[in-house]
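Residue numbers (our numbering), protein chains in the order written: chain A, 248 to 388; chain B, 248 to 388. Written below as structure tokens is the structure these notes are about.
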DNA sequence: TTAATTCCTACCTTTACACTATGATTTAAA
DNA sequence: TTTAAATCATAGTGTAAAGGTAGGAATTAA
């Protein structure tokens with residue numbers, strides 16, 4: 248699981264969409280202002296979100312994006328993996344130069360990072376988009 | 248919690264020390280060969296491990312490093328935080344430029360990352376150095 | 001005295017991240 | 001029909017950090 252601000256921005260933007268989901272298509276300009284993320288960067292992120300069927304786009308003036316599914320069915324893990332190509336924190340694979348090979352006493356930590364990845368994935372699997380906006384409802388009413 | 252290969256190397260090296268803890272001081276040259284980590288880079292890592300009282304150094308010929316404590320008392324979290332200055336994955340602090348401020352609808356994801364950090368820390372808190380080498384004992388006997 | 005080691009600090013190289021720039025396409029509304 | 005607002009697409013860029021190297025000084029067992 249790659250944890251960077253692209254993933255964080257994606258979650259923020261999706262949460263923004265969820266908050267305003269009754270207002271029709273939300274433009275990236277709006278999200279850009281509200282969440283303080285550059286518009287052009289948001290565009291890149293939303294291409295990926297769209298390709299992963301997390302949002303639908305409405306082109307042209309008064310267009311924007313809407314959630315493809317209900318916030319209570321969207322897992323955070325889906326969002327993060329949509330914008331990050333890789334899933335692994337630290338690879339230790341056959342094909343990477345520096346990693347496991349067949350020497351003894353190598354890869355002592357292999358299982359550890361595997362378990363960590365599972366642990367993080369498991370965390371994001373359990374949290375839904377709805378869970379985020381519930382906590383902010385009073386703030387944003 | 249910063250997850251990079253410095254932290255991974257540190258854990259690998261500490262596990263190596265644990266595996267060979269009955270052989271007296273272990274030189275970084277040995278660890279470098281066994282774990283396939285550059286010697287000079289290991290030196291940097293071990294300075295930090297030493298300053299954090301995780302290892303003791305024995306200078307001069309036949310010198311090296313030994314664990315300061317028993318492997319079953321050393322938490323992985325201690326090792327990783329020793330070599331990484333930062334603890335947070337993604338900061339969202341007052342003093343950072345891009346982060347929380349008092350605008351409404353900001354920081355929707357603030358709690359999420361806080362909880363993730365706790366989750367990861369909790370994972371590394373529960374794993375001891377001994378847990379790693381147990382799994383490799385048959386391989387390295 | 002020598003070789004093996006830790007210790008220390010400065011430097012270097014590459015890469016990925018985060019972002020910008022530019023322009024094309026689509027479409028609602030004036 | 002024109003204009004402005006929006007998505008769509010891709011290439012380029014600046015920077016910081018990761019992941020090392022390099023070179024030498026200090027220490028110590030043999």
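Heads up, the beta-carbon is just placed ideally off N, CA and C, and yes, glycines get one too.
**OP:** Starting from the beta carbon of residue 380 (chain A), find every residue of chain B whose beta carbon is closer than 9 Å, and list them in chain order.
**Re:** Locating residue 380 (chain A) in the first chain gives position 133, counting from the first residue. Within chain B, the residues near residue 380 (chain A) are 355.
Original post:
With distances taken between CB atoms, is the gap from residue 321 (chain B) to residue 258 (chain B) smaller than 8 Å?
Top reply: Numbered from its first residue, the second chain carries residue 321 (chain B) at position 74. Numbered from its first residue, the second chain carries residue 258 (chain B) at position 11. In this structure, residue 258 (chain B) does not lie closer than 8 Å to residue 321 (chain B) by Cβ.
Subject >> Residue burial classification, residue 276 (chain B) (beta-carbon count within 10 angstroms, cutoff 16) >> reply: Locating residue 276 (chain B) in the second chain gives position 29, where the first residue counts as 1. Around the beta carbon of residue 276 (chain B), a 10 Å sphere encloses fewer than 16 other beta carbons of the protein chains shown; the residue is thus reported as exposed.
Original post:
Exposed or buried, which one is residue 282 (chain A) when buried takes at least 16 other CB atoms within 10 Å?
Top reply: Position 35 of the first chain holds residue 282 (chain A). Classification of residue 282 (chain A): buried, given that the 10 Å Cβ count is 16 or more.
Original post:
Counting along the chain, where does the beta strand (DSSP E) carrying residue 305 (chain A) start and finish?
Top reply: As a working mapping, residue 305 (chain A) is identified with position 58 in the first chain. Here the beta strand (DSSP E) through residue 305 (chain A) covers 302-305.
Original post:
For the candidate residues B:263, B:268, B:269 and B:272, whose alpha-carbon lies nearest to that of residue 280 (chain B)?
Top reply: What you label residue 280 (chain B) is simply residue 33 of the second chain in a count that begins at 1. For the residues B:263, B:268, B:269 and B:272, the minimum Cα distance to residue 280 (chain B) belongs to B:263.
**OP:** In angstroms with no decimal places, state the Cα-to-Cα distance between residue 278 (chain A) and residue 310 (chain A).
**Re:** Here residue 278 (chain A) refers to the residue found at position 31 when the first chain is read from its first residue. Here residue 310 (chain A) refers to the residue found at position 63 when the first chain is read from its first residue. Rounded to the nearest angstrom, the two C-alpha atoms are 13 Å apart.
Subject >> Test: residue 275 (chain B) CB closer than 8 Å to a CB of chain A >> reply: Start at 1 with the first residue of the second chain, and residue 275 (chain B) comes out as number 28. It does not: the Cβ of residue 275 (chain B) has no partner Cβ on chain A nearer than 8 Å.
Original post:
Secondary structure at residue 208 (chain B), three-state DSSP: helix, strand or coil?
Top reply: The requested residue 208 (chain B) is not part of the displayed model; chain B covers only 248 to 388.
Subject >> Neighbourhood of residue 315 (chain B) by C-beta, 8 Å cutoff - its chain only, sequence neighbours within 5 removed >> reply: For the purposes of this step, residue 315 (chain B) is taken as the residue at position 68 of the second chain. Excluding residues within five positions, the ones whose Cβ falls inside 8 Å are 300, 301, 302 and 303.
Original post:
Around the Cβ of residue 261 (chain A), are there at least 16 other Cβ atoms within 10 angstroms (buried) or fewer (exposed)?
Top reply: By 1-based counting over the first chain, the position of residue 261 (chain A) is 14. Answer is buried; the Cβ neighbour count reaches 16.
Original post:
Can you name the residues of chain B whose CB is closer than 9 Å to the CB of residue 367 (chain A)?
Top reply: Taking the first residue of the first chain as 1, we reach residue 367 (chain A) at position 120. Using a Cβ-Cβ cut-off of 9 Å, residue 367 (chain A) is close to 363, 366, 367 and 370 of chain B, given in chain order.
**OP:** For the stretch 260-333 of chain A, list the beta strand (DSSP E) runs that are entirely contained and at least 3 residues long, ordered along the chain.
**Re:** 302-305 and 311-314
**OP:** Select from A:367, A:371, A:368 and A:329 the residue whose C-alpha is nearest the C-alpha of residue 291 (chain A).
**Re:** Position 44 of the first chain holds residue 291 (chain A). Residue 291 (chain A) has its Cα closest to that of A:329, out of A:367, A:371, A:368 and A:329.
Original post:
Among A:286, A:317, A:296 and A:254, which has the Cα closest to the Cα of residue 269 (chain A)?
Top reply: Position 22 of the first chain, counted from the start, is the residue given in the question as residue 269 (chain A). For residue 269 (chain A), the nearest C-alpha among the options comes from A:317.
Original post:
Should residue 381 (chain B) go down as buried or exposed, given a rule of 16 or more other Cβ atoms within 10 Å for buried?
Top reply: One-based indexing of the second chain puts residue 381 (chain B) at position 134. Counting Cβ neighbours within 10 Å, residue 381 (chain B) comes out exposed, since fewer than 16 surround it.
Subject >> residue 302 (chain B): contacting residues in chain A (beta-carbon distance under 8 Å) >> reply: Here residue 302 (chain B) refers to the residue found at position 55 of the second chain. What residue 302 (chain B) touches in chain A: nothing, since even the nearest Cβ is about 16 Å away.
Original post:
residue 288 (chain A): which of A:254, A:362 and A:324 sits nearest, CA to CA?
Top reply: The residue labelled residue 288 (chain A) in the question sits at position 41 within the first chain. Measuring from the Cα of residue 288 (chain A), the nearest candidate turns out to be A:254.
**OP:** Look at the alpha carbon of residue 274 (chain A) and the alpha carbon of residue 312 (chain A), and state the distance between them as a whole number of angstroms.
**Re:** As a first step, residue 274 (chain A) is located in the first chain; it is residue number 27 there, counting from the start. As a first step, residue 312 (chain A) is located in the first chain; it is residue number 65 there, counting from the start. Here the alpha carbon of residue 274 (chain A) sits roughly 6 Å from the alpha carbon of residue 312 (chain A).
Original post:
Leaving out the 5 sequence neighbours to the left and right, which residues in its chain are closer than 6 Å to residue 377 (chain A) when beta-carbon positions are compared?
Top reply: Stepping through the first chain from its first residue, residue 377 (chain A) is reached at position 130. So the qualifying residues of the chain are 318 and 319.
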